[in-house]
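Step one of this worksheet: look at the structure below.
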Amino acid sequence: MIPSKFQYKRAESVSDALSMMSDDAKLLAGGHSLLPAMKLRLNQPDTLIDISRIEELKSIKDEGDHIVIGAAATHHDIAHSNLVKGACSMIASGAGQIGDIQVRNAGTIGGSLAHADPAADWPALVIAAEATIRVQGQGGPRDIPAASFFTGFYETALADDEIITEIHIPKLPAGSSSTYVKFVQPASRFAIVGCAVVKNAAEGEVGNIKVAVTGVSEMAYRAHGVEDELMGQVVSDESIDRAAARATDHVDVLSDHYASEKYRKHIAQVYVRKALETLK
Amino acid sequence: MKTVTLKINGTEHTAEVSPRTLLVHLIRENFSMTGTHIGCDTSSCGACTILIDGKSAKSCTILAVQADGTEIITVEGLATAEGLHPIQEGFHLNHALHCGFCTAGVMLRAVELLEKNPNPTEEEIRWGISGNLCRCTGYNNIVKAIQWASAKMQGKELPSTEPVFV
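Those protein sequence lines, which keep their order, are chains A and B.
Its first residue numbered 9, the first sequence is counted upward by one per residue in my numbering.
Its first residue numbered 88, the second sequence is counted upward by one per residue in my numbering.
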């Protein structure tokens, strides 16, 4: 399968890329979301702007109370970064569960977020981490909280003329823990259900807990019902039972040839439970 | 058209390509190196795996223009004048292939794996090759071949190549 014809331009910097943007242009980083879509002719841009060689987009930096991951950092680099592991371990372990090693060597966090596949791992991870997504347009930078970045099925708050430049991940305070578990579609390794949890515990009781779920609905979501059942509670089999039962509260559950609505809802509850149990 | 220059298996190659040319097509059709296979064409199966600047990558999902200026190793670059690469020898001695369609991709993935982790556990090997699908062998002999290559490359005692029936 070969994509339809396009012009190829290589950007040397973010401002260079911004100056090349047009209505029918697409940004190309790792290409592991965009090229498969182009090969199927689901996407037929006039121009591809290659941003994969922009050094300023690849770094992973420590900025005090948070870390900054460049949008063109690969899943592999994030999974193996000691800085990321120390700041919020599920971000590294989640990155290491994306696709397979060849995919992780090429795919980037910014590309995955912009593509907003409802079965991708990053959306649940950045929502549970309460990350901020920094984007750059002609008018300058703006920050979008992860919780409001995803707006629908393959849709985001990113404007057509904007580039994702950085993902800011808050460092977890001492005593916190985080985890990401997923049930995969075995060939693609996309999530049929993926569940990310960040928990701050104080003396056995759950202080603040954030639970995000991907793969289940048209976009990743924060599972507030699950959180409400656990906030201020002692983590026990009973409280986990009550919480997991609310994994799909207030969302439309997807149905496709991998998993029916009923099955997916059940698996969502099972995997929310698995995630919560690791944090006991 | 765009000019793309690659160093493949130590030799520089240049071609004029349309931007939509996939790297795997450039390697197979322009440069006539057909050891790199096209399996699923959707970055799932790993048959098209090559090493780009030392990292394993699926060449069906990379544009030729994206790889401009990189150093590539394909299966044709594994053996030397002295003989087979240890991974090839391991595959040969352990019957780690039947039809051979996935073999080039698995071997290149294994080369990177052993580069980064010279003495992997069986679990690390199985996780490490999870992006390469083989529809013949059931993977057991592929794992044995990689373990054999690991021992050979470290100068350790070589494991038995007798078949194991499970």
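We put the beta carbon where it would ideally sit given N, CA and C, even for glycine.
Start and end residues, beta strand (DSSP E) containing residue i
{"i": "T90(B)", "result": "K89 to I95"}
{"i": "I152(A)", "result": "G148 to P153"}
{"i": "A102(B)", "result": "T98 to V104"}
{"i": "D58(A)", "result": "T55 to D58"}
{"i": "F191(A)", "result": "S184 to V192"}
{"i": "H176(A)", "result": "I171 to P178"}
{"i": "K17(A)", "result": "Q15 to R18"}
{"i": "L150(B)", "result": "Taken as a continuous stretch (DSSP letters only), L150(B) belongs to no beta strand (DSSP E), as it is neither H nor E."}
DSSP-derived helix/strand/coil call for residue i
{"i": "Y271(A)", "result": "helix"}
{"i": "H83(A)", "result": "helix"}
{"i": "H112(B)", "result": "helix"}
{"i": "S97(A)", "result": "helix"}
{"i": "D70(A)", "result": "strand"}
{"i": "N90(A)", "result": "helix"}
{"i": "L284(A)", "result": "helix"}
{"i": "F157(A)", "result": "helix"}
{"i": "V251(B)", "result": "coil"}
{"i": "I174(B)", "result": "helix"}
{"i": "A37(A)", "result": "coil"}
{"i": "Q105(A)", "result": "coil"}
{"i": "S263(A)", "result": "coil"}
{"i": "I117(A)", "result": "helix"}
{"i": "L138(B)", "result": "strand"}
{"i": "A292(A)", "result": "The shown model of chain A, from 9 to 288, leaves out residue 292(A), and the question about it has no answer."}
Short CB-CB distance (under 8 Å) between residue i and chain A
{"i": "S131(B)", "result": "yes"}
{"i": "A144(B)", "result": "yes"}
{"i": "S217(B)", "result": "yes"}
{"i": "L109(B)", "result": "yes"}
{"i": "P205(B)", "result": "no"}
{"i": "I149(B)", "result": "yes"}
{"i": "T136(B)", "result": "yes"}
{"i": "V152(B)", "result": "yes"}
{"i": "P246(B)", "result": "no"}
{"i": "K239(B)", "result": "no"}
Chain B contact for residue i (CB, 8 Å cutoff)
{"i": "V92(A)", "result": "no"}
{"i": "F198(A)", "result": "no"}
{"i": "H74(A)", "result": "no"}
{"i": "F14(A)", "result": "yes"}
{"i": "M227(A)", "result": "no"}
{"i": "A195(A)", "result": "yes"}
{"i": "D168(A)", "result": "no"}
{"i": "L43(A)", "result": "yes"}
{"i": "M1(A)", "result": "Lying outside 9 to 288, the shown extent of chain A, residue 1(A) is not represented and no answer is given."}
{"i": "V192(A)", "result": "no"}
{"i": "Q110(A)", "result": "yes"}
Extent of the continuous alpha helix (DSSP H) to which residue i belongs
{"i": "K203(B)", "result": "T190 to K203"}
{"i": "Q234(B)", "result": "N227 to M240"}
{"i": "V134(A)", "result": "W130 to A136"}
{"i": "I141(A)", "result": "First-last for I141(A): T140 to G145, but that is the beta strand (DSSP E), not the alpha helix (DSSP H)."}
{"i": "E211(B)", "result": "E209 to G215"}
{"i": "E246(A)", "result": "D245 to A252"}
{"i": "K145(B)", "result": "Premise fails: K145(B) lies in the beta strand (DSSP E), K142 to K145, not in any alpha helix (DSSP H)."}
{"i": "E235(A)", "result": "H232 to L238"}
{"i": "L26(A)", "result": "V22 to M28"}
{"i": "A4(A)", "result": "Summary: the structure shown does not reach residue 4(A), with chain A confined to residues 9 through 288, and so no result is reported for it."}
Buried/exposed call for residue i, threshold 16 Cβ in 10 Å
{"i": "M227(A)", "result": "buried"}
{"i": "G225(B)", "result": "exposed"}
{"i": "C186(B)", "result": "exposed"}
{"i": "T167(B)", "result": "exposed"}
{"i": "S67(A)", "result": "exposed"}
{"i": "K288(A)", "result": "exposed"}
{"i": "V251(B)", "result": "exposed"}
{"i": "K203(B)", "result": "exposed"}
{"i": "V198(B)", "result": "buried"}
{"i": "V242(A)", "result": "exposed"}
{"i": "N219(B)", "result": "buried"}
{"i": "A182(A)", "result": "exposed"}
{"i": "K218(A)", "result": "buried"}
{"i": "P126(A)", "result": "buried"}
{"i": "E20(A)", "result": "exposed"}
{"i": "G242(B)", "result": "exposed"}
Below-8 Å beta-carbon distance, residue i vs any chain D residue
{"i": "I171(A)", "result": "Among the chains of the structure shown, chain D does not appear; the protein chains present are A and B."}
*Counting pairs of beta carbons, one from the stretch 226-235 of chain B and one from the stretch 197-213 of chain B, are three or more of them closer than 8 Å?*
Touching, per the Cβ criterion.
*Can you find at least 3 beta carbon pairs, one from the stretch 30-37 of chain A and one from the stretch 126-145 of chain B, that sit closer than 8 Å?*
With the rule of 3 Cβ pairs closer than 8 Å, the stretch 30-37 of chain A does not count as touching the stretch 126-145 of chain B.
*Take every Cβ of the stretch 244-257 of chain A, pair it with every Cβ of the stretch 96-108 of chain B, and state whether three or more of those distances are shorter than 8 Å.*
Counting C-beta pairs closer than 8 Å gives fewer than three between the stretch 244-257 of chain A and the stretch 96-108 of chain B, which falls short of the contact rule.
*Determine contact between the stretch 114-134 of chain A and the stretch 75-85 of chain A, defined as no fewer than three beta-carbon pairs at a distance below 8 Å.*
In this structure the stretch 114-134 of chain A touches the stretch 75-85 of chain A; the number of beta carbon pairs closer than 8 Å is three or more.
*Evaluate the contact criterion for the stretch 42-62 of chain A versus the stretch 129-138 of chain A: three or more CB pairs, one atom per stretch, below 8 Å.*
Touching, no.
*Using 8 Å as the threshold, is the stretch 198-205 of chain A in touch with the stretch 221-239 of chain A, meaning 3 or more CB pairs across them?*
Three or more Cβ pairs drawn from the stretch 198-205 of chain A and the stretch 221-239 of chain A lie within less than 8 Å of each other, which places the two stretches in contact.
*Counting pairs of Cβ atoms below 8 Å between the stretch 240-252 of chain A and the stretch 154-172 of chain A, do you hit three or more?*
The stretch 240-252 of chain A is not in contact with the stretch 154-172 of chain A.
*the stretch 146-165 of chain B / the stretch 35-47 of chain A touching (three or more Cβ pairs under 8 Å)*: Touching, per the Cβ criterion.
*Is there contact here, the stretch 150-158 of chain A with the stretch 180-194 of chain B, by at least three beta-carbon pairs under 8 Å?*
Taking 8 Å as the limit for Cβ pairs, the verdict is that the stretch 180-194 of chain B does not touch the stretch 150-158 of chain A.
*asked:* Between the stretch 153-163 of chain B and the stretch 107-115 of chain B, can you find at least three pairs of beta-carbon atoms closer than 8 Å?
replied: The count of Cβ pairs closer than 8 Å, one atom from the stretch 107-115 of chain B and one from the stretch 153-163 of chain B, reaches three, so the stretches are in contact.
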